[in-house]
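A.B. asks: With the numbering used here applied, the sequence shown has no gaps in its numbers, which climb one by one up to 713 at the end.
In this text, a Cβ means the ideal position worked out from N, Cα and C, and glycines have one as well.
Here you go, one structure.
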Amino acid sequence: MEYSFSLDNSSASQVEGYNVFTDVSKAIFEDFHRYISGHNGTLNFAGTLAAFNDVCDFGAKTMRELVKQEEGDGQKLLKKTCEQVEKERDAYRLMARLLQAEEEAANAKDSQLNSRLSLLLVKDAEFRRQRVLFHWVEQVLMTDTQFFKDLCSEYKNFNDVSQKFSEKTAKLVIELLKCGKYTEAKELVSRSGFPSFAPFIIYKDFVNDPELSILDEKHENYKLYKARKQFKDTAKVIVGQKESPLSTSERCLLALLCGEVEPLLSLSDATTHKLFTLLNASLESRLDVEFNEEDPMKTSIPDIDAIFYDVLGNEQLPYYHLYRFITTEDSESAVSYMLEWAQVSKEKNKLKTYCHVLRFFVHLSLLFKQTNSPLKESELHELIRYFIEILNGMDFMEFVPFYASHLPADEGLAVVTDVLFNLGDSASERKIVVRKAAEAGFDAVKLCEQVYDQALQANHRPDADETTAMKIFKMFPFLLYAAKEGTIDRALSEANNLLRMFFDMDRLELGFELFDIVKNTVDCDLEQLVESCYVEGYKKMSPQCEDNFHEFQHYGMYYSALGEYEHWRRESTASAPQMPMPITRSKYEVLSVAEKNAYALERRRYKEKIGRHREQQMHSKQVAIDELKTLLKAETKWLVANFSDGSEKAKERVEELERVRPIYFVKIYKMLIKIQSESEDFEGMIRLAEELGDSDQLHYKAVTKAQLRELNQLLTKHLEYYVTEQMM
């Protein structure tokens, strides 16, 4: 399956943009995979969150740089993806803040609980989470690239000093407070000519600084909360006036400081700014209740769910919905929501467009699982299936095994098996996926054998043909990848099956390819691999494995002889060097001494070349004959099954060897006849005829009567020709 985009990719520049997107995405996927899979070492929950944050941060920065270089749809795709990765980063930051807050509350000592704020943080989990969310919103706004860039520019260039607290000043102070920049806000009002306004900003800092609500009556800040109350009461009256002399920005600033929602909320468009306003009001109200020693149960302070309900109306992307579930620790609802969102995206055929969103969904769900947070396993599995579909579509196959390991065992194994089965023929890619699967907890032996079995099953279908048979051949290397782990016996057995199958297909050349594949895969031949697995591993071969080993050695002997036979054929048909035509005596006599010596040297060199050519022909002939006759001498043991456990497979093997052995034998004899005939070695042919009928060697018993008759007729034909030639 090829990865496709919903955008138009007709131009070369757009294609290049998508390639950049894919490359960057793969780098991000790979970094996440290393951490989530434990490849970089085991991390605790906080460490994993920190690592994820770093990956997102680096990925977002990289994409922002690339956005400047791209144009058109490629630029849009990168920009959208960058925003998604940044929002994902914000989720990990929120989780890290919540984790830290819970740890601080759990580990708080009595000596540290010396203020109203510190006591409230320990006893009120809802307030604690809202405070974390509030500080997180400040961080999000501070990392909003455009918002914070504009804010810094305005703050740096601010020079508005007048008798009135201007609209511009109020707006800038609001933006500074939204980013948690209280010191800068106080400095700004002082620079603008209103230093008396700075203490009001301190009252806003009650939610941050425990020292401002100290319990020690002798402390200088002990009664500061009362001054805070007076300011807030006054500010609320001013903000609530229908016909206020204040500008809109000034009213918004007072509303922020005293914890009022309006008019801030009505003037906020972005979800983050709305969330800030509602959280600010809720936290201020809860502090008021605490400082006034009221019963919080009798107040109507909104909780986190209510706050998010008021801001999520127009949110199309899933992130703020998930921030809500993360903050309320509702992991089960989070996973359900993510699955529903993914299903809708799939129905709209937009699942691939949101590949980074799906990756985030899966990683967030796995983080929930890592911390034993409640969730429905079936929903997690469905999310993983969607994500694996994305990985396959983007050709990120090496990442699949880890995620498949979180599916039910049988399904996970089947998924990785399918990935390997449909993977290309690249040995390096296959080995990477097999290694990743082993690292993810899959049994490499079982996996590799299952991939090969899948090819066998396909070949046994009614519509199977030579193409499916070749698929088996291409799947054979899988039995070598985990040879030392346990597939060596199966590799031997299946290599023999393949070599017999090639004979049936009359594709003996594939046997040579099989031997080459073994060497290219494990850097040695199969016999050496067996020795390294058994002899060097101090393991004893089973009788069945030993018999398979002997059979494979026989094929090795045959293909070695076949190789020498082919070498002889090339040598015998190669053109011999031609001696140059001699010059006439009259021409020779007029040559100088040096020219005569050169002429003699040239002819001597050609004679040597002709001699070497004849020697090579004779040598290649003799080597081929020797190797082929070695097979004939070993015929009583060659391709004979010495082991059978009585199983159907064992019986089938015995029958196949009994069927194939005579055919192999006949081919060997025919090759010998061919060599003797073409080299006109009829004495050698006479010896072949004698050996075929020799009662001691029993070669004739290795073939059927029909095959024996065929060989006799072939020998007779060539010998009759020889006799005729001799008589003429």
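1) Based on the DSSP output, what are the partners of SER100 in its beta bridges?
2) So for GLN148, helix, strand or coil by DSSP?
3) Suppose the cutoff is 6 Å on Cβ atoms and the five residues either side in sequence are ignored; what does the same chain contact list for LEU83 look like?
4) Measuring straight from C-alpha to C-alpha, what distance separates ILE610 and LEU586?
5) Decide if ASN265 is buried, meaning its Cβ has at least 16 other Cβ atoms within 10 Å, or exposed.
6) How many angstroms separate the CA atom of SER270 from the CA atom of SER103?
7) Going straight from the alpha carbon of ALA183 to that of ILE292, what length do you get?
8) Thinking just about the alpha-carbon of each residue, which of SER350, LEU360, GLN355 is nearest to the one in ILE369?
9) Taking only three categories from DSSP, how would you classify GLY23?
10) Have a look at HIS204, THR168, LEU272 and flag the residue whose alpha-carbon is nearest the alpha-carbon of PHE191.
11) Would you list, in sequence order, the uninterrupted alpha helix (DSSP H) runs of no fewer than 4 residues that lie entirely inside the region 263 to 319?
12) Could you check if PHE759 is buried or exposed, using at least 16 other CB atoms within 10 Å of its CB as the buried criterion?
13) How about VAL404 and VAL430: are their beta carbons less than 9 Å apart?
14) Excluding five sequence neighbours on each side, which residues of the same chain lie with their C-beta closer than 7 Å to the C-beta of PRO248?
15) By how many angstroms is the C-alpha of ASP474 removed from the C-alpha of MET460?
16) Report all residues from its chain with a CB closer than 7 Å to the CB of GLN148; omit the five preceding and five following residues, and keep chain order.
17) Quick one: residues in its chain with C-beta nearer than 6 Å to the C-beta of CYS164, no 5 flanking neighbours on either side, listed in chain order?
18) Have a look at LYS469 and CYS518 and give me their C-alpha separation to the nearest angstrom.
19) Looking at TYR322: is its Cβ nearer than 9 Å to the Cβ of PHE310?
20) If you count every other CB in all the chains shown that lies within 10 Å of the CB of CYS243, and 16 or more means buried, which is it?
21) Please state whether DSSP places PHE353 in a helix, a strand or coil.
22) Span of the alpha helix (DSSP H) holding LYS208?
23) Check for me: the alpha helix (DSSP H) holding GLN563 runs from which residue to which?
24) Would you check if the distance between the CB atom of ALA561 and the CB atom of ARG588 is smaller than 9 Å?
25) Take HIS391 as the anchor and find which of ASN377, TYR591, ILE373, PHE381 has the nearest alpha-carbon.
26) With DSSP run on the structure shown, which of helix, strand or coil describes CYS509?
27) Exposed or buried, THR701, counting other C-beta atoms within 10 Å across all chains shown (16 or more means buried)?
28) Give the list of continuous alpha helix (DSSP H) stretches no shorter than 4 residues that lie fully inside the region 538 to 599.
29) At which residues does the alpha helix (DSSP H) containing LEU34 begin and terminate?
30) Is PHE427 helix, strand or coil when you go by DSSP?
31) In terms of residues, what are the limits of the alpha helix (DSSP H) holding VAL125?
32) Under 8 Å Cβ to Cβ from GLU300, same chain only, skipping five residues before and after it: list those, please.
33) Would you report the Cα separation of LEU252 and PHE261, rounded to the nearest angstrom?
34) Any heavy atom of the ligand HEM within a distance shorter than 8 Å of the CB on THR472?
35) When the distance is taken between beta carbons, is LYS361 closer than 9 Å to VAL320?
36) Is the Cβ-Cβ distance between VAL507 and ALA480 less than 9 Å?
C.D. replies: Judging by the given coordinates:
1) ILE199
2) Residue confidence for GLN148 is low, a pLDDT of 41 falling below 50, so the modelled location carries little weight; the figure read from the coordinates is stated next. Three-state DSSP puts GLN148 in coil, outside helix and strand.
3) VAL117
4) 36 Å
5) buried
6) 16 Å
7) 29 Å
8) SER350
9) coil
10) LEU272
11) 289 to 296, 304 to 312
12) With the chain running from -14 to 713 in the structure shown, residue 759 is simply not present.
13) no
14) THR233, ARG236, CYS237, ALA240
15) 16 Å
16) Bear in mind that the predicted position of GLN148 carries a pLDDT of just 41, short of 50, making it too unreliable to give a figure here.
17) GLU123, LEU126, MET127
18) 6 Å
19) yes
20) buried
21) helix
22) Element bounds for LYS208: n/a, residue is neither H nor E.
23) Element bounds for GLN563: n/a, residue is neither H nor E.
24) no
25) ILE373
26) coil
27) exposed
28) 570 to 574
29) 30 to 54
30) coil
31) 110 to 127
32) THR256, HIS306
33) 12 Å
34) Among the components modelled here there is no ligand, and therefore nothing to report on the ligand HEM.
35) yes
36) no
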